[in-house]
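S.K.:
Protein chains in written order, with my numbering: chain U, 1 to 113; chain G, 1001 to 1231.
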């Protein structure tokens, strides 16, 4: 039997991304409280470490996924006109896609310096 | 004691309005439903549903001072004066406090509220151990009064697609039943973005349930079972 998808999967995505982001925020807070970079060069060197830049990249993707599920939920709840819903979902998807690609591009530039 | 009661007769009124009533001498221990029955003697056109008067039939669900509940088990002594009584929110009003619960019952039917068993009928009853029977506590007690589903914003926005807390509590009641053999089919039916997953866990349902049941917990257990099946 074919199942209509997007129920459990998106819900799990929301939970998993929330957990990752919570852990990442704790890591960021810890880093800035205990070992705060003194200037731009230090900050850049820190971000350029492979583990840190990967963590940032994953966080960007997780954040976009989390926002997508949340905004999609709000639109599904409140916007019932199909055409308006499609326009809004497409606009949100486009905005999020541009944001995440831009973030990843910045990260690649920092790493490849 | 003063009452402000929602009135609407679609045959006569252009718009709903609130009508004020006064009950001079409420008796000690009087429930809201008894007060409404006395007020109906003042104005016999006042309409509401009621039957058993002891919180078992679930007919007199209404919005009492902003909160859904059963009029027959709500003591007047616990209510702030004036008592504002409105129909259950989000449902089409048939007249005064009587609402059309078709959407609510349709969602209840959706979850197939009966045991599905593929095995041939046994010679004796389908037995359960006491522990298996305990799994149904907190589930079977639901009287379908609709207080929970009509307190749920997700159900207000999508009453045709989201099953609502009452139906989902019953969905779990049959998933949790050791005698039922349709777990996969039931979970398949609950998939998709609407039927189950419009629940955002705000727990209005738990807050208002006159029987003290916990649909949010049931919804969580359904999700848990879905995750267990998926991985």
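Where a beta carbon is used, it is the ideal one built from N, C-alpha and C, also for glycine. As the structure is a prediction and not an experimental result, all values here were calculated from the model.
Straight-line CA distance for residue 76(U) to residue 85(U)?
M.R.: The residue given as residue 76(U) occupies position 76 in the first chain. The residue given as residue 85(U) occupies position 85 in the first chain. Computed Cα separation, rounded: 8 angstroms.
S.K.: Can you tell me where the alpha helix (DSSP H) holding residue 56(U) begins and where it ends?
M.R.: Position 56 of the first chain, counting from 1, holds the residue named residue 56(U). Segment 50-78, the alpha helix (DSSP H) holding residue 56(U).
S.K.: Can you give the Cα-Cα distance for residue 1108(G) and residue 101(U), rounded to whole angstroms?
M.R.: Your numbering for residue 1108(G) matches position 108 in the second chain. Your numbering for residue 101(U) matches position 101 in the first chain. Cα to Cα, the separation comes out at about 45 angstroms.
S.K.: Can you tell me whether residue 119(U) is buried or exposed? The criterion is at least 16 other CB atoms within 10 Å of its CB, across all chains shown.
M.R.: The question about residue 119(U) has no answer, for chain U in this structure spans 1 to 113.
S.K.: Output yes or no for whether 8 angstroms exceeds the beta carbon distance between residue 1072(G) and residue 1055(G).
M.R.: The residue labelled residue 1072(G) in the question sits at position 72 within the second chain. The residue labelled residue 1055(G) in the question sits at position 55 within the second chain. Yes, these two residues count as a Cβ contact at 8 angstroms.
S.K.: Of all the residues that make up the segment 68-83 of chain U, which are near chain G by a beta-carbon distance shorter than 9 angstroms?
M.R.: From the segment 68-83 of chain U, only 72, 73, 76, 77, 78, 80 have a Cβ closer than 9 angstroms to chain G.
S.K.: Looking at residue 1136(G) and residue 1195(G), is the spacing between their C-beta atoms short of 8 angstroms?
M.R.: Locating residue 1195(G) in the second chain gives position 195, where the first residue counts as 1. Locating residue 1136(G) in the second chain gives position 136, where the first residue counts as 1. No, these two residues do not count as a Cβ contact at 8 angstroms.
S.K.: In terms of residues, what are the limits of the beta strand (DSSP E) holding residue 1020(G)?
M.R.: Counting from one through the second chain, the residue named residue 1020(G) turns up at place 20. Its beta strand (DSSP E) spans residues 1017-1022.
S.K.: For residue 1196(G), which residues in chain U fall below 7 angstroms Cβ to Cβ?
M.R.: In the second chain, counting from the first residue as 1, residue 1196(G) sits at position 196. The contacting residues are 7.
S.K.: By the DSSP assignment, the beta strand (DSSP E) with residue 1084(G) in it spans what residues?
M.R.: Within the second chain, the letter at position 84 stands for residue 1084(G). Start and end: 1083-1086.
S.K.: Just the chain U side, please: which residues come within less than 8 angstroms of residue 1227(G) by C-beta, in chain order?
M.R.: Translated into the one-based positions of the second chain, residue 1227(G) becomes position 227. Going along chain U in sequence order, the residues near residue 1227(G) (Cβ under 8 angstroms) are 8, 12.
S.K.: Span of the alpha helix (DSSP H) holding residue 1002(G)?
M.R.: Residue numbering aside, residue 1002(G) sits at position 2 when the second chain is read from its first letter. Here residue 1002(G) belongs to no alpha helix (DSSP H); instead the beta strand (DSSP E) covers 1002-1007.
S.K.: Is the shortest distance between the beta-carbon of residue 1112(G) and the beta-carbons of chain U less than 8 angstroms?
M.R.: Sequence index remark: in the second chain, residue 1112(G) carries index 112 (1-based). No - not a single Cβ of chain U is within 8 angstroms of the one on residue 1112(G).
S.K.: What are the residues in the segment 1163-1196 of chain G lying within 7 angstroms of chain U by C-beta distance?
M.R.: Listed by position, the residues of the segment 1163-1196 of chain G near chain U (Cβ gap below 7 angstroms) are 1188, 1191, 1192, 1193, 1196.
S.K.: Taking residue 1201(G) and residue 1216(G) to be in contact with their CB atoms under 8 angstroms, please state how far apart those CB atoms are, rounded to whole angstroms.
M.R.: Taking the second chain and counting its residues from 1, one reaches residue 1201(G) at position 201. Taking the second chain and counting its residues from 1, one reaches residue 1216(G) at position 216. With 8 angstroms as the limit, residue 1201(G) and residue 1216(G) qualify as a contact, their Cβ atoms being about 6 angstroms apart.
S.K.: When you compare the CB positions of residue 65(U) and residue 13(U), do they come within less than 8 angstroms of one another, or not?
M.R.: What you label residue 65(U) is simply residue 65 of the first chain in a count that begins at 1. What you label residue 13(U) is simply residue 13 of the first chain in a count that begins at 1. Yes, the pair counts as a contact, with Cβ atoms nearer than the cut-off.
S.K.: Under a three-way DSSP split, which group does residue 1092(G) fall into?
M.R.: Translated into the one-based positions of the second chain, residue 1092(G) becomes position 92. Looking at residue 1092(G) - three-state DSSP - the assignment turns out to be coil, as it is neither helix nor strand.
S.K.: So, helix, strand or coil for residue 1030(G), using DSSP?
M.R.: Sequence index remark: in the second chain, residue 1030(G) carries index 30 (1-based). Coil, per DSSP.
S.K.: Just to confirm, does residue 96(U) get its C-beta within under 7 angstroms of one of the non-hydrogen atoms of the ligand ZN?
M.R.: The ligand ZN is absent from the structure shown, which contains no ligand whatsoever.
S.K.: Of all the options 1046(G), 1161(G), 1121(G), which has the alpha carbon lying nearest to the alpha carbon of residue 7(U)?
M.R.: Within the first chain, the letter at position 7 stands for residue 7(U). The shortest C-alpha separation from residue 7(U) is found at 1161(G).
S.K.: Can you tell me where the beta strand (DSSP E) with residue 1000(G) in it begins and where it stops?
M.R.: This structure does not reach residue 1000(G), given that chain G is present from 1001 up to 1231, and the question cannot be answered.
S.K.: Pull the bridge partners of residue 1075(G) from the DSSP assignment, please.
M.R.: Here the question's residue 1075(G) lines up with position 75 in the second chain. For residue 1075(G), which the question treats as bridged, DSSP gives the partners 1031(G).
S.K.: How would you write the range of the alpha helix (DSSP H) that residue 988(G) sits in, first residue to last?
M.R.: The structure shown does not extend to residue 988(G), since chain G spans only 1001 to 1231, so no value can be given for it.
S.K.: I'd like the list of long-range same chain contacts for residue 104(U), defined as Cβ closer than 7 angstroms, with 5 residues on each side in sequence excluded.
M.R.: Taking the first chain and counting its residues from 1, the one referred to as residue 104(U) is at position 104. Cβ within range, chain order: 57, 60.
S.K.: Name the chain U residues whose beta carbon is nearer than 7 angstroms to that of residue 1230(G)?
M.R.: Position 230 of the second chain, counted from the first residue, corresponds to residue 1230(G). By Cβ distance, chain U contributes 8.
S.K.: Please report whether the beta-carbon of residue 1223(G) lies at a distance below 8 angstroms from any beta-carbon of chain U.
M.R.: Start at 1 with the first residue of the second chain, and residue 1223(G) comes out as number 223. Judged by the 8 angstroms Cβ criterion, residue 1223(G) is in contact with chain U.
S.K.: When burial is assigned at 16 or more other CB atoms within 10 Å of the CB, is residue 1166(G) buried or exposed?
M.R.: What you label residue 1166(G) is simply residue 166 of the second chain in a count that begins at 1. By the 10 Å Cβ count, residue 1166(G) comes out buried.
S.K.: Using only alpha-carbon positions, find the residue among 1207(G), 1023(G), 1020(G) that is nearest to residue 1151(G).
M.R.: Within the second chain, numbered from 1, the residue matching residue 1151(G) stands at position 151. Nearest option by C-alpha distance: 1207(G).
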